[in-house]
Amino acid sequence: MRLRLSLIAALSLLANAALAHPHVWVSAQEQVVFGPKGEIEAIRHAWVFDEMYSAFVTEGQKKGGQLLSKDDLAPLAKTNVEDLAEFDYFTHAKASNKKIEFGAPIDYSLEERDDKLVVLRFTLPLKTPASAGKAFSLQVYDPTYFVAFELAKQDPVALVGAPKGCSANVLGTKPLAADETKKLSEAFFSGLSPGSDFGVKLASPIIIACP
Numbered sequence: 365m366r367l368r369l370s371l372i373a374a375l376s377l378l379a380n381a382a383l384a385h386p387h388v389w390v391s392a393q394e395q396v397v398f399g400p401k402g403e404i405e406a407i408r409h410a411w412v413f414d415e416m417y418s419a420f421v422t423e424g425q426k427k428g429g430q431l432l433s434k435d436d437l438a439p440l441a442k443t444n445v446e447d448l449a450e451f452d453y454f455t456h457a458k459a460s461n462k463k464i465e466f467g468a469p470i471d472y473s474l475e476e477r478d479d480k481l482v483v484l485r486f487t488l489p490l491k492t493p494a495s496a497g498k499a500f501s502l503q504v505y506d507p508t509y510f511v512a513f514e515l516a517k518q519d520p521v522a523l524v525g526a527p528k529g530c531s532a533n534v535l536g537t538k539p540l541a542a543d544e545t546k547k548l549s550e551a552f553f554s555g556l557s558p559g560s561d562f563g564v565k566l567a568s569p570i571i572i573a574c575p
């Protein structure tokens with residue numbers, strides 16, 4: 365059933381088509397959720413997928429032209445978040461330069477918007493709440509650049525329940541060097557090792573700071 369086709373499975377199929385990297389584009393909105401003690405407790409994602417991927421996963425599932433609801437897409441939402449565990453949910457965070465570990469995702473859903481684009485929402489709780497009194501950074505990216513994540517132009521980051529004086533800043537990325545740009549062919553990406561981290565070069569860091 366096409367509706368059960370996960371993001372990871374779809375990527376494999378799209379990768380076999382005559383397409384250059386990246387294969388899927390995502391516009392991301394991120395919420396950093398604070399707890400009652402003023403610590404960061406979770407990252408809440410809202411990822412809007414591009415027209416091609418959205419059409420791919422909803423093809424043949426429409427009933428009378430109606431949009432697919434959260435209930436319709438619930439099986440796919442579950443499959444997606446389960447499969448994303450292998451890739452650390454494309455979510456990379458550090459506190460005091462130490463890697464943040466996340467628990468299993470909660471509050472996940474998938475739905476089709478009025479513009480026919482599919483949006484995946486889920487919350488990643490931190491295994492251990494982190495203080496934003498020291499440097500806390502967040503990046504959302506696919507290391508292999510199969511999926512191109514870009515922070516939304518409108519309201520890319522929000523702080524939820526943050527103590528007074530906390531702020532979020534999105535830093536720009538450095539342009540690729542000329543020699544790196546020349547290498548961006550499918551052969552280059554096919555030759556990347558499993559441990560490669562190319563995607564970080566194009567990921568905008570989010571810096572959270574609290575007094």
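Numbered according to the working numbering, the sequence shown spans residues 365 to 575.
We put the CB at the ideal spot given by N, CA and C, even for glycine.
Since we're looking at a predicted model, the values are computed, not measured.
My assumption, with CB atoms under 8 Å, is that residue i sits in contact with residue j. Please give the rounded CB distance.
i    : j    : result
D506 : F466 : Actually they are not in contact, since the Cβ atoms of D506 and F466 sit about 16 Å apart, beyond 8 Å.
L412 : V397 : In the sequence on display, residue 412 carries Val and not Leu. So it is not a contact: roughly 20 Å between Cβ atoms.
I407 : A457 : 7 Å
I404 : L535 : Between L535 and I404 the Cβ distance is about 18 Å, and since that is not below 8 Å, they are no contact.
C574 : A496 : 4 Å
With C-beta atoms as the reference, is residue i less than 7 Å away from residue j?
i    : j    : result
F513 : H387 : no
P493 : G399 : yes
A441 : L488 : no
V521 : S418 : no
L523 : S568 : no
F451 : P469 : no
When the Cα atoms are used, what is the spatial distance from residue i to residue j?
i    : j    : result
K546 : G529 : Low confidence applies to K546: its pLDDT is 46, below 50, so where it sits in the model is not reliable, and the reading given next is rough at best. Spanning the two alpha carbons is a distance of roughly 44 Å.
L432 : K498 : 43 Å
I572 : S501 : 6 Å
E476 : A410 : 13 Å
K565 : V504 : 11 Å
P439 : V421 : 12 Å
N533 : N461 : 17 Å
G525 : E394 : 14 Å
S531 : Y472 : 26 Å
K434 : M416 : 20 Å
D436 : Q430 : 11 Å
P527 : T508 : 36 Å
T443 : L484 : 12 Å
I464 : D479 : 35 Å
K517 : E423 : 28 Å
Within the continuous beta strand (DSSP E) that includes residue i, where are the two ends?
i    : result
F500 : 500 to 504
S473 : 470 to 476
E394 : 388 to 398
E514 : 511 to 515
According to DSSP, is residue i part of a helix, a strand, or is it coil?
i    : result
T537 : coil
Y453 : helix
C574 : coil
L523 : strand
E403 : coil
A440 : Going by the sequence as given, residue 440 is Leu instead of Ala. Three-state result, L440: helix.
L432 : coil
L369 : Reliability of the predicted coordinates at L369 is poor, the pLDDT of 49 falling under 50, and the value obtained from them is presented with this limitation in mind. Looking at L369 - three-state DSSP - the assignment turns out to be coil, as it is neither helix nor strand.
L490 : strand
L448 : helix
K462 : strand
L481 : coil
What do you reckon, is the C-beta of residue i under 6 Å from a heavy atom of the ligand ADP?
i    : result
V504 : Within the structure as shown, the ligand ADP is missing, as the structure has no ligands at all.
At what residues does the alpha helix (DSSP H) containing residue i begin and finish?
i    : result
F420 : 415 to 422
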